[in-house]
Amino acid sequence: MVEDTKTEDLKQPDVNADIPDPVVRQHTVNVGGKTLSYTTTTGLMPIRDDKGELKAKLFFTAYTLDGVEDPGSRPLTFTYNGGPGSASVWLHMGGLAPKRVEMLPDGSMPKPPFKLVDNEYTWLEDTDLVFVDPVDTGYSRAVDDDAAKAAKDVKGDIETVGEFIRMYLVRNARWTSPLFLCGESYGTFRSAGLAGYLVERGMAFNGIILISSILNMQTARFTLGNDLPYQLFLPTYAATAWYHDRVPKDLKKKDIRAFLDEVETWVEDVYVSALSLGDRLPDDRREQVIDALARYTGLSRAYIDHSNLRINIHQFCKELARDEMRTVGRLDSRFKGMDKDGVSETPEFDPSLAAIRPPFTSVLNTYFRTELGYESDVEYHILRGLDWNWGDAVRGYADTSDDLRAAFTKNPYMKVFVASGYYDLATPYYATEYTLSHMNLDPEVRGNIRVEEYPTGHMVYIDFDAMVRLKGHVSEFIRDAVSQ
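Right under this line is the structure:
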């Protein structure tokens, strides 16, 4: 005999019980003489595995334009920063959202207390925006250590953020929207991977926006036997020396782009072959290379000679202005710092990071509570080091450029916009050019990539003039990607 089962015994546990409803608020902002009304949605998105078990809660802030007759036809952009270990605060508060942190015109830190101002150059004019924080950044957390470890991996990170995107489209009925990804730094690495991963799951993107891009980690790893970074960082060393008046007068008279054209040509015609010869490089050619490196980088002949013609980024940042007891920034080499020790090999800190971290931290924490209405006693992790798994060493350096190529083959309508700064020593512009030139793209889609360069560092948008230019370029890009 089958026993009678009570109704309450059939109830399933509520897996969302500890996930509060998102906070929804209405706002307005003045853009180009007109008022935009928009809605913010701030909260946690549950991320589950194939069995429906909760693995993580990803924090997000969405901006959607009000008064749109068919939201399902409006462009939608998912955006995040890099690290790995960075929250989306930099893109969020730096120039994309309707509010931004007020910095000095060149992007340096203003005197505290710091201010939040209306951003009349917000991207919301052209696209709805969803800022998402990966696991262990922002307010995003995994449910346990095993889930956190799985998400802090090249493959696991792409799968987790990819599931967030799927869930957002499902919950907000946005499957038919023109879709875009916007990442900065490691976020560009993530975007390339997502483009390849999600197209296999039925999500084709109209456009990918790569800001301060790195898709192939070999281009930035100064490891024994890898000469590639020495070649690819050199134009940015030269740009830095030019900016700080460390090059000869005849070079300083040139505008920055003309100067870099000369440096790039020399790298390709002379420097690459010189490094490839190693100890076989004849003495006379070695002396010529040392002369050119000293002329372009502002470093002494002796220093270059003792470095075996190979200049490491951190050593460059310390050495260029050592005679002034100053260092130059990694994220933005226009910025100078002061170390306590003038004889150390590398800088004590990055002055360009020190200039932006306090304003963004202060303003964001206030903004969430007062304007967005999201309250939490959990620490918002803006930037932190993560124990990251870069994958199987047998496969070589981590690289998602081939995922981007694969996405092009399956979606030839996709467009890519690349923004790079001349003074970015974290993800040098010339390394980005190298990667884009070595993707083995079919000629039919090569024209789908647009590259723009700016006289700024890693965070292109913190420089006011560059932020305005970037907004104009992205507006054109989105219109082009949607109208084709």
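Numbering (my numbering), first residue to last: 74 to 557.
All residues carry an ideal CB built from backbone N, CA and C; glycine is no exception.
- Per DSSP, the unbroken alpha helix (DSSP H) holding G269 starts and ends at Y259 to V272.
- DSSP, read as helix, strand or coil, puts Y495 in coil.
- Buried is the label assigned to K128, since at least 16 other Cβ atoms lie within 10 Å of its Cβ.
- For V96, the beta-bridge partners assigned by DSSP are T115.
- In the assembly as shown, A277 is an exposed residue. Its beta-carbon has fewer than 16 other beta-carbons within 10 Å.
- Residue range G280 to S286 is occupied by the beta strand (DSSP E) that includes S286.
- Judged by their CB atoms, L348 and Y310 are not nearer to each other than the 8 Å cut-off.
- Counted as a single uninterrupted DSSP element, the alpha helix (DSSP H) harbouring D364 occupies residues D356 to T370.
- Contact between M532 and G145 is absent: CB atoms are separated by about 33 Å, not below the 8 Å threshold.
- The criterion of a C-beta distance shorter than 8 Å is satisfied by S264 and I281.
- In the structure shown, the three-state DSSP call for D191 is strand.
- Remark: three or more beta-carbon pairs, one from each stretch, lie closer than 8 Å, so the region 230-250 and the region 130-144 are flagged as touching.
- Here V451 is not near G371, since their CB atoms are 8 Å or more apart.
- Between T210 and H454, the C-beta spacing is below 8 Å.
- Secondary structure remark: continuous alpha helix (DSSP H) runs of at least 4 residues inside the region 292-323, in chain order: 301-316.
- DSSP places A129 in the uninterrupted beta strand (DSSP E) bounded by L127 to L138.
- For the options L117, S556 and A221, the alpha carbon positioned closest to that of D460 is the one of A221.
- Only residues of its own chain outside the window of five on either side were considered, and among them none has a CB closer than 6 Å to the CB of E549.
- The DSSP-derived three-state label of F389 is helix.
- R173: member of the beta strand (DSSP E) spanning K172 to V174, first to last residue.
- Separation of T505 and P424 (C-alpha to C-alpha, rounded to the nearest whole angstrom) is 24 Å.
- The region 386-394 and the region 467-483 do not touch, with fewer than 3 CB-CB distances between them shorter than 8 Å.
- For Y153, the uninterrupted beta strand (DSSP E) run begins and ends at L149 to Y153, by DSSP.
- About 4 Å separates the beta carbon of N279 from that of P251, a gap short enough to meet the 8 Å contact definition.
- Shown here for T249: same chain residues with a beta carbon closer than 8 Å to its own, the five before and five after excluded, namely G145 and S146 in chain order.
- The DSSP-derived three-state label of Y440 is helix.
- The beta carbons of S258 and G155 sit closer together than 8 Å.
- In this structure, T114 places its C-beta atom within 8 Å of the C-beta atom of V97.
- Around the Cβ of K544, a 10 Å sphere holds 16 or more other Cβ atoms; the residue is buried.
- DSSP places G211 within a strand segment (E or B) once states are collapsed to three.
- Burial check for Y194: the Cβ neighbour count within 10 Å reaches 16 or more, so the residue is buried.
- In this structure, M182 sits near I429, with a CB-CB distance shorter than 8 Å.
- The C-alpha of Y153 lies about 42 Å from the C-alpha of R374.
- Every beta strand (DSSP E) stretch that sits fully inside the region 464-531 and reaches 3 residues is listed by chain position as 488-494 and 522-527.
- For F332, the uninterrupted alpha helix (DSSP H) segment begins and ends at I329 to W339.
- Scanning S285, L324 and L177 for the CA closest to the CA of P501 turns up S285.
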